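A.B. asks: Sharing a structure, written as structure tokens. Questions coming.
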Amino acid sequence: MDYVNAIILLLNYIFVPALAYGSQLALGAIFVTLIYGILRFANFATGDMMSFGTMFVILFTWYFQSVGISLGVFPTALLAIPFAIIFMVGYMLIIDKFVFKYYRIKKSPPVQLAMVSIGVMFVTQAVVRIIIGPSDRRFFDGEKFLIKAGEFKEMTGLNEGLAIKSTQVITIIVTLILVSTLFWFLNKTKTGKSMRAYSDNEDLALLSGIDPKKIVMTTWIIAGILATIGGALYGLDKSFKPFTYFNNMLPIFAAAIVGGIGNPFGAFLGGYVIAFSEILLTYAYRKFFMYVLPESMEPDGLIQLLSTDYKFAVSFSILVIVLLYRPSGIFKGKVL
Amino acid sequence: MRKNLNVIAAYSIMMGLIILVGIFQSWNIALSIFNLCLISAVMTMGANIQWGYAGLINFGIMGFTALGGLAAVLISVDPVQEAWSAGGSNILFSLVLIIAMVLAVRYILKNYKKSKNRTYIVAAIIILGIVIIRFISEPGIEAIENVEPAKTGFLGGLGLPIIFSWIVGAFFAGGLAFVIGKVALGLRADYLAIATLLISEIVIAIIKHEDWLTRGVKNVIGLKRPAPYEVNLQQTDWFIDLVEKFNSSKLNLITDITERQAALNQLVIEGSSIFVKLCYSGLFLIVVIILLILTQKALYSPWGRMMRAIRDNEEAANAMGKNVVKQHLLIFVLGSAIVGIAGAMLVTQDGLFTPGSYRPLRYTFLIWVMVIVGGSGNNFGAILGGFVVWFLWIEAAPIGLYLVNLTTAGLDDTHFLKVHLIESVPYFRFLMMGVGLLIIMRYRPKGILPEKIEIK
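The following block contains the structure:
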């Protein structure tokens, strides 16, 4: 029985949260990797673009709530996402037209584009803060838990409860659907294939008649969808605060590079690698060992490898190690 | 003289703006803007050496700034004797162990050929070392943090004058840069940017959470000053005389003696804070001028020419027998050391060390905006960028408020849009920075004062 308790404990505190957090990171990482692979620059405005999309999700959620539309047990935000995506994609295409296009046509070095993206970062941040303000906002409604810890204990008669938040389930399901659609799109459709060809070898792709304008536009549209959904899921699960979103850029970058930048599948798995290692290394295993070990060997300390304060530091250290030993990432991306 | 006309014009306009702030707002504000402009200028010079001279992107400026600040604490705070006796030996022993571990790893890496076994042994040494060090340091850290947690709870520093920390800060930052450079400098440009950005976050995480060393988020306040204290100044005779002489015409208009005394007191209080700020300005100006002379000399030296050659064509420079890797490491260390000086200066001026306030937006990206806007590769441009951008960063709120009032003049004062816009005036500074950066990047990609190399 103790072993079952120990497993439930790990499920509750490590596996489920890490899976949800990893999915949110994975969406962001695919966003970064697509921009890097096709438009060829590191986008430092990632976090702020996600917060921009989430802002529209929140605004639409408020609007729907005010007119009395809701999805019952599901959060209203799910209904708001498609409308937000339209605005988000529009914003991205406008930015591309007025900012990035000039440098792309001039064939500026990637560094310059990265600098430009810092300018976009400042502007987006300002727009988000001016429209919705810098404070912490929760926009979740509907049923909060799928399984409550207490109910689970009653049901199974175990000591440990397993609580699954509905946002966690929604996050995982939506991510799986979105990512599998994306991979289907990239691998099976003509546009997707030409996108991959363009990312692989620009000149050769142009030579075989691929229209770069269409590729760039599709990339921004996909990026807009990913950023909005990723941001909205993170906001539903935790809360929306522009500053947190800006900081999330860092683990997202780490995930994209660990997975092999330019490689969407690598980015997808990289998100989980980062999330799991962050949580595994900073969890206090004391209770786990109390279940597993006999009473005489019970540990005194917390059995915590690193204090939770170093959560971010963990993912960055992994990044540094990957950089040193496998500069192209775990799943062969571009060698940088 | 004519060649430098645009430099002189740009600097006089900048000075004129600061003087205008002094006249219309107050001299206190003008001087605090000026001081922070000087500190920003030191930071931009550091970033400019790396980016402008050598083309290295360093997005870890925040980390080096924070290390400089840490140096200020470790140098100037008086040592906490109880903490040292409570846990000092454990900490020192851990330090010895860390050094031993690093030496052991170095020894293995140097003397054995690259193989799987070597990697495993190195990993085993590091993991074992970390476990042992944690085991030893933990009781020491706990003991130290329990020594009067509300007042100290850390080891304290050396109790030396804070000015020394400017040099020590440079060494701290340079040391960290050496380690980072060894690891990351082989990476391609935008990759290096991301790596340094993440490493600087790790540095901040350590400074925030190792309370025994830095007091962490509990902050260290009341650091020593290189300048006199206002309260002491207000009671010094020569200072009161000076203020009286300075304002004699104004004071002579007041005939009543008690009123005159009150007015004088007020002037002395104002004057004292201006005087302190002027002291800082003097100190900072000395640093800026020394650094400017050094960097200018370096720029026009054979070494500077070599750096530009490396920047513009790495392969060709390599083929000419220049050690690119070594020079990159050198310039990375030098630039970061200058940023470290700026970090120590910043903490010196504030008189407090708040690890929680180090944010990448303010200490990394804003500095980069300064370098790009001012003109990379040109020291005068970098300094000007520091001045212009910091000035706008501070004055953006009043300018934004003015613009909001202008554009919404037709609306009622209680109209929701107007109220909302006025509330969000502080965020106009982000908008201004972003739009400014984008415009400069597009229409004047070399900055306000572009790089100009004359062959002498």
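Protein chains in written order, with the numbering used here: chain A, 21 to 356; chain B, 36 to 491.
We treat Cβ as the ideally placed atom computed from N, Cα and C, and that holds for glycine.
Fair warning: this is a prediction, and the values are worked out from it, not measured in the lab.
Short of 6 Å in beta carbon distance, which residues of its chain neighbour residue 443 of chain B, apart from the five on each side in sequence? Order them along the chain.
C.D. replies: In the second sequence, counting from the first residue as 1, residue 443 of chain B sits at position 408. 453.
A.B. asks: Can you find at least 3 beta carbon pairs, one from the stretch 133-144 of chain B and one from the stretch 411-418 of chain B, that sit closer than 8 Å?
C.D. replies: no
A.B. asks: Taking all protein chains shown into account, do 16 or more other C-beta atoms lie within 10 angstroms of the C-beta of residue 70 of chain B, making it buried, or fewer, making it exposed?
C.D. replies: Within the second sequence, residue 70 of chain B is the residue found at index 35, counting from 1. Within 10 angstroms of the beta-carbon of residue 70 of chain B lie 16 or more other beta-carbons, which makes it buried.
A.B. asks: Could you run through the stretch 335-351 of chain A and flag, in chain order, every residue whose CB is less than 9 Å away from some CB of chain B?
C.D. replies: For the stretch 335-351 of chain A, the beta-carbon criterion of a distance under 9 Å to any beta-carbon of chain B is satisfied by 335, 336, 337, 339, 340, 343, 344, 345 and 347.
A.B. asks: Establish whether the CB of residue 277 of chain A and some CB of chain B are separated by less than 8 Å.
C.D. replies: Numbered from 1 along the first sequence, position 257 holds the residue referred to as residue 277 of chain A. Judged by the 8 Å Cβ criterion, residue 277 of chain A is in contact with chain B.
A.B. asks: Run down chain B in chain order and give the residues with a C-beta less than 8 Å from the C-beta of residue 327 of chain A.
C.D. replies: Sequence index remark: in the first sequence, residue 327 of chain A carries index 307 (1-based). Neighbours of residue 327 of chain A on chain B, chain order: 244.
A.B. asks: Residue 356 of chain A CB to nearest chain B CB: under 8 Å?
C.D. replies: Residue 356 of chain A sits at position 336 when you count from the first residue of the first sequence. With a pLDDT of 38 at residue 356 of chain A, under the threshold of 50, the predicted position of this residue should be treated as unreliable, and no value is reported.
A.B. asks: Is the number of C-beta pairs between the stretch 235-253 of chain B and the stretch 178-197 of chain B that are closer than 8 Å three or more?
C.D. replies: yes
A.B. asks: Given a threshold of 16 other Cβ atoms within 10 Å of its Cβ, counted over all protein chains shown, does residue 209 of chain A qualify as buried or as exposed?
C.D. replies: To locate residue 209 of chain A, count along the first sequence from 1; it is residue 189. Counting Cβ neighbours within 10 Å, residue 209 of chain A comes out exposed, since fewer than 16 surround it.
A.B. asks: Considering residue 165 of chain A, what are the terminal residues of the beta strand (DSSP E) in which it resides?
C.D. replies: Taking the first sequence and counting its residues from 1, one reaches residue 165 of chain A at position 145. That run of the beta strand (DSSP E) goes 165-167.
A.B. asks: Rounding to the nearest angstrom, what Cα-Cα distance links residue 40 of chain A and residue 245 of chain B in this structure?
C.D. replies: As a first step, residue 40 of chain A must be located in the first sequence, where it is residue number 20. As a first step, residue 245 of chain B must be located in the second sequence, where it is residue number 210. In this model, residue 40 of chain A and residue 245 of chain B are separated by some 30 Å (Cα to Cα).
A.B. asks: Tell me the DSSP secondary structure of residue 446 of chain B in three-state form.
C.D. replies: Here the question's residue 446 of chain B lines up with position 411 in the second sequence. DSSP places residue 446 of chain B in coil when its eight states are reduced to three.
A.B. asks: Which chain A residues are close to residue 513 of chain B, counting only those with a beta carbon under 7 Å from its beta carbon?
C.D. replies: Here chain B has residues from 36 to 491 only, and residue 513 of chain B is not among them.
A.B. asks: Distance, Cα to Cα, residue 297 of chain B vs residue 287 of chain B?
C.D. replies: Locating residue 297 of chain B in the second sequence gives position 262, where the first residue counts as 1. Locating residue 287 of chain B in the second sequence gives position 252, where the first residue counts as 1. Taking the straight line from one Cα to the other gives about 13 Å.
A.B. asks: Just to confirm the assignment, what range does the alpha helix (DSSP H) spanning residue 312 of chain B have?
C.D. replies: Within the second sequence, residue 312 of chain B is the residue found at index 277, counting from 1. Per DSSP, residue 312 of chain B belongs to the alpha helix (DSSP H) from 292-334.
A.B. asks: Can you list the residues of chain B that residue 69 of chain A reaches, using a CB-CB cut of under 9 Å?
C.D. replies: As a first step, residue 69 of chain A is located in the first sequence; it is residue number 49 there, counting from the start. Simply none; closest approach about 13 Å.
A.B. asks: Which residues mark the beginning and the end of the alpha helix (DSSP H) in which residue 168 of chain B is found?
C.D. replies: Taking the first residue of the second sequence as 1, we reach residue 168 of chain B at position 133. Residue 168 of chain B -> alpha helix (DSSP H) spans 151-180.
A.B. asks: For residue 252 of chain A, which of helix, strand or coil comes out of DSSP?
C.D. replies: Here residue 252 of chain A corresponds to residue number 232 of the first sequence, with the count starting at 1. Residue 252 of chain A falls in the helix class under three-state DSSP.
A.B. asks: Below 8 Å on C-beta distance, what does residue 122 of chain A contact in chain B?
C.D. replies: Within the first sequence, residue 122 of chain A is the residue found at index 102, counting from 1. Within chain B, the residues near residue 122 of chain A are 477.
A.B. asks: Taking only three categories from DSSP, how would you classify residue 89 of chain A?
C.D. replies: Position 69 of the first sequence, counted from the first residue, corresponds to residue 89 of chain A. Here residue 89 of chain A sits in coil by DSSP.
A.B. asks: Taking 8 Å as the CB-CB limit, is residue 79 of chain A close to chain B?
C.D. replies: Mapped onto the first sequence, residue 79 of chain A falls at position 59. At a cut-off of 8 Å between beta-carbon atoms, residue 79 of chain A makes no contact with chain B.
A.B. asks: Listing by chain order, which chain B residues have their CB less than 9 Å from the CB of residue 330 of chain A?
C.D. replies: Taking the first sequence and counting its residues from 1, the one referred to as residue 330 of chain A is at position 310. The contacting residues are 237, 240, 241 and 244.
A.B. asks: Indicate whether at least one CB of chain B lies closer than 8 Å to the CB of residue 298 of chain A.
C.D. replies: As a position in the first sequence, residue 298 of chain A is number 278, starting the count at 1. No, residue 298 of chain A does not count as interfacial toward chain B.
A.B. asks: Using a Cβ cut-off of 8 Å (strictly closer), state whether residue 393 of chain B contacts chain A.
C.D. replies: Counted from its first residue, the second sequence places residue 393 of chain B at position 358. No, no contact with chain A.
A.B. asks: Would you tell me roughly how many angstroms separate the C-alpha atoms of residue 270 of chain A and residue 259 of chain A, rounded to the nearest one?
C.D. replies: Here residue 270 of chain A refers to the residue found at position 250 when the first sequence is read from its first residue. Here residue 259 of chain A refers to the residue found at position 239 when the first sequence is read from its first residue. Whole-angstrom Cα-Cα distance: 18 Å.
A.B. asks: Compile a chain-ordered list of the residues in the stretch 131-164 of chain A whose CB is closer than 9 Å to at least one CB of chain B.
C.D. replies: 131, 132, 133, 134, 135, 136, 138, 139, 140, 141, 142, 143, 144, 145, 146, 147, 148, 149, 150, 151, 153 and 154
A.B. asks: Quick check: what's the CA-CA separation for residue 302 of chain A versus residue 218 of chain A?
C.D. replies: Your numbering for residue 302 of chain A matches position 282 in the first sequence. Your numbering for residue 218 of chain A matches position 198 in the first sequence. Residue 302 of chain A and residue 218 of chain A: Cα-Cα distance of roughly 41 Å.
A.B. asks: Look at the alpha carbon of residue 201 of chain B and the alpha carbon of residue 225 of chain A, and state the distance between them as a whole number of angstroms.
C.D. replies: Counting from 1 along the second sequence, the entry for residue 201 of chain B is found at position 166. Counting from 1 along the first sequence, the entry for residue 225 of chain A is found at position 205. Going by the C-alpha atoms only, they are around 54 Å apart.
A.B. asks: If residue 349 of chain A sits next to residue 283 of chain A, beta carbons under 8 Å apart, how far is it from one beta carbon to the other, in whole angstroms?
C.D. replies: Within the first sequence, residue 349 of chain A is the residue found at index 329, counting from 1. Within the first sequence, residue 283 of chain A is the residue found at index 263, counting from 1. So it is a contact: roughly 7 Å between Cβ atoms.
A.B. asks: For a quick check, are the C-beta atoms of residue 91 of chain A and residue 307 of chain A less than 8 Å apart?
C.D. replies: Taking the first residue of the first sequence as 1, we reach residue 91 of chain A at position 71. Taking the first residue of the first sequence as 1, we reach residue 307 of chain A at position 287. No, these two residues do not count as a Cβ contact at 8 Å.
A.B. asks: Can you list the residues of chain A that residue 462 of chain B reaches, using a CB-CB cut of under 7 Å?
C.D. replies: Translated into positions along the second sequence, residue 462 of chain B becomes position 427. Here the neighbours are 146, 149 and 150.
A.B. asks: Within a Cβ cutoff of 7 Å, which residues of the same chain sit near residue 345 of chain B, ignoring the five residues on either side of it in sequence?
C.D. replies: Within the second sequence, residue 345 of chain B is the residue found at index 310, counting from 1. Cβ neighbours of residue 345 of chain B beyond the five flanking positions: 89, 352, 357, 359 and 362.
A.B. asks: Could you please give the first and the last residue of the uninterrupted alpha helix (DSSP H) stretch that includes residue 145 of chain A?
C.D. replies: Along the first sequence, one-based indexing puts residue 145 of chain A at 125. Its alpha helix (DSSP H) spans residues 130-152.
A.B. asks: Please name the residue in A/197, A/71, A/48 and A/58 whose C-alpha comes closest to that of residue 264 of chain A.
C.D. replies: As a position in the first sequence, residue 264 of chain A is number 244, starting the count at 1. Comparing Cα-Cα distances from residue 264 of chain A to each of A/197, A/71, A/48 and A/58, the minimum goes to A/71.
A.B. asks: State the Cα-Cα distance for the pair residue 331 of chain B and residue 365 of chain B, rounded to the nearest angstrom.
C.D. replies: Residue 331 of chain B sits at position 296 when you count from the first residue of the second sequence. Residue 365 of chain B sits at position 330 when you count from the first residue of the second sequence. Answer to the nearest angstrom: the Cα atoms are 17 Å apart.
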